[in-house]
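Working notes, structure below.
Residue numbers (UniProt numbering): 1 to 794.
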């Protein structure tokens with residue numbers, strides 16, 4: 001067991017304003033005069049940065065009134081004080097739970113690595129050297145964490161021939177205070193009333209209608225006035241007299257993650273630093289903060305007096321039965337951080353706005369169902385019988401009767417009527433209003449959650465950038481030396497990445513051309529089959545199978561390109577995480593736009609316009625260009641949208657349900673099988689770090705945002721061809737919210753809380769798609785030359 005240099009007994013006294021863990025972990029300067037003398041002596045002898053910081057702090061005046069508000073009522077202090085928000089349901093019970101729990105060192109982070117004892121004896125010299133190097137790096141990393149002021153406790157679990165090592169990290173009060181100021185974390189000054197509200201709840205209350213969406217969730221997190229933490233103003237912060245609860249679990253995780261990301265494990269000149277590289281090299285198997293406890297309910301049920309935050313989220317948010325309840329976003333933010341909470345806020349907001357679009361779209365579809373049987377052109381086509389004989393679809397294909405396409409013409413009229421034009425205009429207005437009101441909602445949440453003034457100049461360099469940057473340069477804002485990568489070199493790399501994007505776009509276009517040729521050839525093959533029924537549906541069979549093949553190509557290319565885009569963006573060496581995410585989002589958006597929308601755009605605007613006429617048909621690689629079937633291309637476009645949109649949603653939901661469960665089952669199976677080989681009981685009690693290690697690593701939110709952005713495009717751009725698209729999106733999102741909630745609460749390891757970053761690429765993607773629906777009414781009103789096939793009377 002590794003013990004920190006600072007004794008825990010020394011941390012039980014009153015908080016002291018001046019500390020410097022970088023010079024001596026846990027060192028306290030107990031009065032300002034002594035601090036100033038010590039700082040001057042230390043600076044003269046060693047010139048340390050922390051000594052200069054202490055002298056500067058000792059000379060500062062602490063007379064500024066930070067905020068002038070009346071103190072909260074007695075008994076209403078939140079987790080930073082001695083009790084919970086007593087005015088909220090369940091607050092006193094949760095406070096009693098916290099007060100009744102004995103104080104003990106909190107495990108803030110867990111590092112895991114496995115050693116295969118049998119494999120070590122069978123390795124060759126090169127592999128053995130690599131194993132020794134990894135062991136040296138690991139020991140150096142843990143020693144440096146110990147020197148940085150962290151307490152490191154090691155737990156070893158013997159599983160047969162494999163030993164699983166758990167390093168349990170805890171941060172002292174001195175380390176937490178030092179890095180809280182260094183990271184510019186915001187901490188509370190004064191409690192204020194909770195301002196959470198829903199416009200629908202206010203509307204229903206004004207109308208006097210019972211609100212079935214509302215549910216009382218216990219232990220509501222209070223809100224605070226806050227500012228950046230300063231050590232010399234520590235007594236002014238709310239709850240600073242309680243070292244165990246002053247820093248919330250999410251703040252502690254941020255601090256520990258920053259330490260892990262910057263701690264070296266070898267020569268710093270060789271960029272051997274940071275937890276990310278240790279995980280990439282296989283030196284460590286996992287690194288994660290612990291969940292607050294199990295998510296399953298205690299025997300007493302939801303009425304139990306002691307529910308941890310994870311149990312509250314599972315009971316009132318992640319269960320499938322809560323699909324019709326408001327999301328407890330404040331609870332999500334307290335446990336997972338602002339970034340995850342903002343995603344679920346956007347998903348819930350977007351799903352709520354889909355309700356009117358789905359209702360109007362369903363009404364338009366029902367109107368089309370009634371108009372089918374009163375449409376005169378469709379009635380004439382179906383009643384023509386043997387009157388019209390149509391030209392062959394290929395050189396050797398037979399003639400065919402126009403009346404054989406009666407069913408297709410009727411299906412086409414389900415979407416092709418005057419109501420579709422109205423719905424297109426409605427969706428154009430709906431999309432613009434959605435994004436404008438989301439900006440308002442986003443600003444409200446950012447203000448309430450105290451992350452509205454996040455600036456790029458406040459953002460620190462990415463740990464991966466700091467580890468790989470070839471040089472350092474002074475920051476023009478702070479004057480401190482920071483890792484630096486030349487802009488000219490980055491521009492050359494971005495240019496090379498743009499060439500790769502163009503190549504991948506060309507691959508998508510080649511796949512589209514191959515699908516076009518496939519449909520044309522398949523229609524010819526089916527027409528020549530000799531089966532009358534198949535010949536009559538040749539074009540529809542070719543179109544449907546072509547849509548399925550196109551969906552397969554889309555999913556395969558998406559997986560390949562997302563991985564390639566991530567590699568290219570890392571290679572471009574962007575300084576901050578915001579710039580990295582913006583560059584990555586832009587690459588993926590450009591490719592996915594072409595990948596998902598190229599086929600619908602071709603069918604909507606180009607198919608059937610380059611066919612020619614009898615005696616002078618146009619060809620592509622010797623194959624006659626395909627044309628729209630009877631009833632026009634609108635029904636084929638609706639089919640393409642349904643196959644791609646609904647098929648992708650079904651496949652993604654199946655993956656989100658099955659893959660995490662299979663990964664978790666496999667991880668648990670491996671650990672249990674090793675325990676059985678070691679002679680231990682698989683059902684024996686295990687520590688919380690062992691239970692969390694069996695969970696699946698959190699994969700982030702990029703894929704979730706990307707799925708919603710693509711869905712938003714299908715709902716808005718091509719809605720004229722499929723008025724039911726908003727309804728399918730609404731049904732999918734009802735499932736998506738609870739599915740994602742269950743993944744975060746039950747199946748994922750707890751992620752490190754991150755501040756929300758306004759991604760320019762993602763915001764531009766949504767706004768671009770909001771402007772695109774303006775063109776959909778134009779497409780809905782544009783006459784199609786292929787509405788009636790070329791006829792020939794013999």
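Virtual Cβ for every residue (Gly too), placed ideally from N, Cα, C.
Asked: Quick one: any contact between the region 283-301 and the region 103-116, if contact means 3 or more CB pairs under 8 Å?; Found: yes
Asked: What's the gap between the Cα of residue 238 and the Cα of residue 246?; Found: 8 Å
Asked: With distance defined between alpha-carbon atoms, name the residue in 657, 707 and 751 nearest to residue 346.; Found: 707
Asked: What residue range is occupied by the uninterrupted alpha helix (DSSP H) comprising residue 544?; Found: 538-571
Asked: Considering only residues of the same chain and omitting the five flanking positions on each side of residue 598, which have a CB-CB separation below 8 Å?; Found: 508, 509 and 512
Asked: On the criterion of 16 or more Cβ atoms from any shown chain inside 10 Å, does residue 607 qualify as buried, or is it exposed?; Found: buried
Asked: Three or more beta-carbon pairs under 8 Å between the region 350-361 and the region 334-342, yes or no?; Found: no
Asked: For residue 753, name the three-state secondary structure that DSSP assigns.; Found: coil
Asked: Ignoring anything shorter than 4 residues or poking outside the region 711-751, list the alpha helix (DSSP H) runs there in chain order.; Found: 725-742
Asked: For residue 413 and residue 371, which I take to be in contact (beta-carbon distance under 8 Å), what is that distance rounded to the nearest angstrom?; Found: 7 Å
Asked: List the whole-angstrom C-beta distance separating residue 125 from residue 150, where the pair is believed to meet the contact cut-off of C-beta under 8 Å.; Found: In fact, because the Cβ distance is near 35 Å, the residues do not count as touching under 8 Å.
Asked: Taking the CB atoms as reference points, tell me whether residue 448 and residue 572 lie closer together than 9 Å.; Found: no
Asked: Just verifying my parser: in three-state terms, what is the DSSP assignment at residue 279?; Found: helix
Asked: In terms of alpha-carbon separation, which member of 389, 243, 156 and 186 lies closest to residue 175?; Found: 243
Asked: Quick one: what's residue 156 bridged to in DSSP?; Found: 165
Asked: In three-state terms, what does DSSP make of residue 849?; Found: With the chain covering only 1 through 794, there is no way to say anything about residue 849.
Asked: What residues are listed by DSSP as bridge partners for residue 489?; Found: Residue 489 pairs with nothing; no bridge assigned.
Asked: Starting from the Cα of residue 694, find the closest Cα among 701, 686 and 700 and give me that residue.; Found: 686
Asked: Would you call the CB atoms of residue 729 and residue 645 closer than 9 Å?; Found: yes
Asked: What does the Cβ neighbour count give for residue 208, buried or exposed, with the cut at 16 atoms within 10 Å?; Found: exposed
Asked: Buried or exposed for residue 618, going by 16 or more other Cβ atoms inside 10 Å?; Found: exposed
Asked: Could you check the C-alpha separation between residue 529 and residue 535 for me, to the nearest Å?; Found: 7 Å
Asked: Got a sec, what are the start and stop residues for the beta strand (DSSP E) residue 109 sits in?; Found: 109-116
Asked: Is residue 471 helix, strand or coil by DSSP?; Found: strand
Asked: Determine which residues share a DSSP beta bridge with residue 228 and list them.; Found: 186
Asked: Taking the DSSP output, what are the residues bridged to residue 513?; Found: Beta-bridge pairing links residue 513 to no other residue.
Asked: Mind checking whether residue 626 and residue 539 have CB atoms under 9 Å apart?; Found: yes
Asked: Give a yes or no on contact between the region 398-410 and the region 374-381, applying the rule of three or more CB pairs nearer than 8 Å.; Found: yes
Asked: Count the other CB atoms within 10 Å of the CB of residue 203; is the residue buried (16 or more) or exposed (fewer)?; Found: exposed
Asked: Can you give the beta carbon distance from residue 451 to residue 221, rounded, assuming they're within the 8 Å contact cut?; Found: Not quite, the Cβ-Cβ distance comes to about 15 Å (not below 8 Å), so this is no contact.
Asked: Would you call the CB atoms of residue 255 and residue 179 closer than 9 Å?; Found: yes
Asked: Output needed for residue 590: all residues of its chain with C-beta closer than 8 Å, excluding positions within five of it in sequence on either side, in chain order.; Found: 501 and 505
Asked: How long is the line joining the alpha carbons of residue 377 and residue 410, rounded to whole angstroms?; Found: 10 Å
Asked: So residue 594 packs on residue 562, CB below 8 Å; how close in whole Å?; Found: With 8 Å as the limit, residue 594 and residue 562 do not qualify as a contact, their Cβ atoms being about 14 Å apart.
Asked: Which of the three DSSP states is assigned to residue 449 in this structure?; Found: coil
Asked: Give the secondary structure of residue 125 by DSSP, where H, G and I count as helix, E and B as strand, and everything else as coil.; Found: helix
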